[in-house]
Amino acid sequence: ERQAVEISRATSAFTVTLPAKKPKEPAKEKERKEEKSPPPAPTTREFPAGSYIIRMDQPYSRIADALLDHQYWSPDDPQKTPYDDTGWTFGELYHLQVARVTDSKVLDVPMDRVREVHARGGVKGEGTLFAIANRAEPALATLRYKLHDASIEAAEEPFESAGKKFNRGSFLVRNTSRADLDRAAAELGVQVTALSTPPEVKTHPVRAARIALVHTWLSTQTEGWWRLALDKLGIPYDYLSTQAIAKISGLNAKYDVILFPPVGYNAGVDAVVNGIPTAWGNPLPWKNTPETPNLVGKNDATDDLRPGLGWDGVAHLHEFVERGGVLLTAMDTSSLALSLGFADGVSTQNANKMKIVGSVVEMRLVDDASPIAYGYEEKGAAYCDNGPIFSLSSIVGQRGRRRLGPEMRARPTGRGSLDDPDFAVGRPGMEAPEERKSEIWESPPVSDEQRRNGFRVIPPPRRPRVIFRYADGKDLLVSGLIEGGDEIAQHPAVVDAP
Numbered sequence: 001e002r003q004a005v006e007i008s009r010a011t012s013a014f015t016v017t018l019p020a021k022k023p024k025e026p027a028k029e030k031e032r033k034e035e036k037s038p039p040p041a042p043t044t045r046e047f048p049a050g051s052y053i054i055r056m057d058q059p060y061s062r063i064a065d066a067l068l069d070h071q072y073w074s075p076d077d078p079q080k081t082p083y084d085d086t087g088w089t090f091g092e093l094y095h096l097q098v099a100r101v102t103d104s105k106v107l108d109v110p111m112d113r114v115r116e117v118h119a120r121g122g123v124k125g126e127g128t129l130f131a132i133a134n135r136a137e138p139a140l141a142t143l144r145y146k147l148h149d150a151s152i153e154a155a156e157e158p159f160e161s162a163g164k165k166f167n168r169g170s171f172l173v174r175n176t177s178r179a180d181l182d183r184a185a186a187e188l189g190v191q192v193t194a195l196s197t198p199p200e201v202k203t204h205p206v207r208a209a210r211i212a213l214v215h216t217w218l219s220t221q222t223e224g225w226w227r228l229a230l231d232k233l234g235i236p237y238d239y240l241s242t243q244a245i246a247k248i249s250g251l252n253a254k255y256d257v258i259l260f261p262p263v264g265y266n267a268g269v270d271a272v273v274n275g276i277p278t279a280w281g282n283p284l285p286w287k288n289t290p291e292t293p294n295l296v297g298k299n300d301a302t303d304d305l306r307p308g309l310g311w312d313g314v315a316h317l318h319e320f321v322e323r324g325g326v327l328l329t330a331m332d333t334s335s336l337a338l339s340l341g342f343a344d345g346v347s348t349q350n351a352n353k354m355k356i357v358g359s360v361v362e363m364r365l366v367d368d369a370s371p372i373a374y375g376y377e378e379k380g381a382a383y384c385d386n387g388p389i390f391s392l393s394s395i396v397g398q399r400g401r402r403r404l405g406p407e408m409r410a411r412p413t414g415r416g417s418l419d420d421p422d423f424a425v426g427r428p429g430m431e432a433p434e435e436r437k438s439e440i441w442e443s444p445p446v447s448d449e450q451r452r453n454g455f456r457v458i459p460p461p462r463r464p465r466v467i468f469r470y471a472d473g474k475d476l477l478v479s480g481l482i483e484g485g486d487e488i489a490q491h492p493a494v495v496d497a498p
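The opening position of the sequence shown corresponds to residue 1 in full-length UniProt numbering, with each subsequent residue numbered one higher.
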């Protein structure tokens, strides 16, 4: 609608014919020759009343086509370096069901023009306890801050009440008036059910966390998108530079969560910690002056852009984490935190040939009991821009290694010819004990020898937990450009490191 695209809504249910989906081509030439199945037949699908319809016979339909359809950027495309993201399929990213309809009957469906898309919300039912199913909507975070004085808890297991099913992570709201909750829920499009009796389920509190958003002076473009998201959601936060973090001790007294968005700018430990050299040259101020009264907004300013986080800032962040604060990083700031020793048992590897340029990739849920995963389904999609490639280990100081297939472990010593057994000369041949297996996204099992010298073994409660992982290589690409995706396939994507 904001891009001059006309949106309509069906006033009654309708059924249309959908184009047949092409089957995946076999990977091997032999399978292509043997599998000669008939072409798939078109299917029919019924859509309920209230479904949104975007007609493609309108001037700006190409915008809807670009945002709602899937993209495929071939690795062999002559343009080897895309300017920007290559995948932006809204249906996958926002968990919406989107269908391309080529049946012209859809144009005859009774429909009304929609001027503003707004989900229905509000309180239904009777009772003084209110339940909200968690579907991982950002609006739930907004609701938590709107009802700052309310008592909100998250259910740690699914439950049923008032004839409805509520999933793990659903909110239970107390100590707020029905009128206030109904008003906020209607504004945010959140559906609330009043309950007469509380469910018998274990819960934990959902607090309105005190948030700091940290930025460097190397680049503020990427973190600006995070700032925009928080502003749109109405979530309060303090905007701090790494220079400010270096000056603030006792961060836990002010903040519960510190967000450290990606920096970009090829930012590594040296650039973020040490900043730009100050041994020569003049200060680089970023502030309003009488000559430039409108240069800088109200967010942040500095007398000199050059100093970085500094080792004092690193120590302050370490102290914050050790005292129970949550440090949330992404992409290059995750690599930064691991390089600075913020999490044991997690490491990153550099990609060899992998190329993922702002694409939509398939994710799989690993730990559905984690509050980080509340509201998400087993399979979903996420934005990815070249990693990082995480690996886990249960041994402190040991880099996680990419897991090799069985064909790479068949000859452990490399002795003998092609047909000879592989064993050390002078010793009787024996079968090697079978290795305890683990998945690529898991920590390799701790060996008996490692247990005997157990001072480096991370205790189970302190080991990192994988919440989401990347899908298998054949399923990884959802939309955009992926080349060499096997390097990151099945590796951890979201890690909770105690």
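Beta carbons are placed, not taken as given, at the ideal position from N, Cα and C, and that holds for glycine.
- In the displayed model, proline 205 falls within a strand according to three-state DSSP.
- Residue range 221-233 is occupied by the alpha helix (DSSP H) that includes arginine 227.
- Collapsing the DSSP output to three states places isoleucine 482 in a strand.
- In this structure, isoleucine 389 keeps its C-beta atom at 7 angstroms or more from the C-beta atom of glutamine 450.
- With 16 or more other Cβ atoms from the protein chains shown falling within 10 Å of its own Cβ, glutamine 243 counts as buried.
- With contacts defined by Cβ atoms closer than 7 angstroms, asparagine 134 and glycine 375 form a contacting pair.
- Linking glycine 234 to leucine 481 through their CA atoms gives a straight-line distance of about 33 angstroms.
- Spanning the alpha carbons of isoleucine 53 and arginine 9 requires a straight line of approximately 6 angstroms.
- Taking a cut-off of 8 angstroms on C-beta distances, the segment 103-122 does not touch the segment 477-495, as fewer than three cross pairs fall below it.
- In the pairwise beta carbon analysis, the segment 187-199 is classified as touching the segment 152-169: at least three pairs are separated by under 8 angstroms.
- When DSSP reads this structure, proline 492 sits in a beta bridge with Arg469.
- Taking 3 residues as the shortest admissible run, the segment 333-374 contains the following complete beta strand (DSSP E) segments, listed from N- to C-terminal end: 346-349 and 359-365.
- The beta carbons of leucine 251 and histidine 316 sit closer together than 7 angstroms.
- By the Cβ neighbour-count rule, phenylalanine 455 is exposed, with fewer than 16 other Cβ atoms within 10 Å of its own.
- Here glutamate 322 carries a helix assignment [DSSP, helix/strand/coil].
- For the pair of segments examined, the segment 38-56 was found not to touch the segment 148-157: the number of CB pairs separated by less than 8 angstroms stays below three.
- In the pairwise beta carbon analysis, the segment 136-144 is classified as not touching the segment 71-86: fewer than three pairs are separated by under 8 angstroms.
- Exposure of aspartate 419 is indicated by the presence of fewer than 16 other C-beta atoms within 10 angstroms of its C-beta.
- Burial of threonine 216 is indicated by the presence of at least 16 other C-beta atoms within 10 angstroms of its C-beta.
- Distance from the CA of proline 59 to the CA of histidine 70, rounded to the nearest whole angstrom, comes to 21 angstroms.
- In this structure, the straight-line span from the alpha carbon of proline 293 to that of aspartate 312 is close to 32 angstroms.
- Counting along the chain, glutamate 487 sits inside no beta strand (DSSP E), nor does DSSP assign it H or E at all.
- Within the segment 139-210, the alpha helix (DSSP H) runs of at least 4 residues that lie entirely inside it are, in chain order, 139-146 and 178-188.
- Distance from the CA atom of threonine 43 to the CA atom of proline 19, rounded to whole angstroms, is 7 angstroms.
- Around the beta carbon of valine 361, 16 or more other beta carbons lie within 10 angstroms, which makes this residue buried.
- Within the model, the alpha-carbon separation for proline 236 versus valine 190 is close to 20 angstroms.
- The three-state secondary structure of isoleucine 7, taken from DSSP, is strand.
- Of the candidates Gly414, Ser370, Met111 and Ser170, the residue whose Cα lies closest to the Cα of leucine 129 is Ser170.
- Shortest Cα-Cα distance from valine 117 to any of Phe90, Arg2 and Arg178 involves Arg2.
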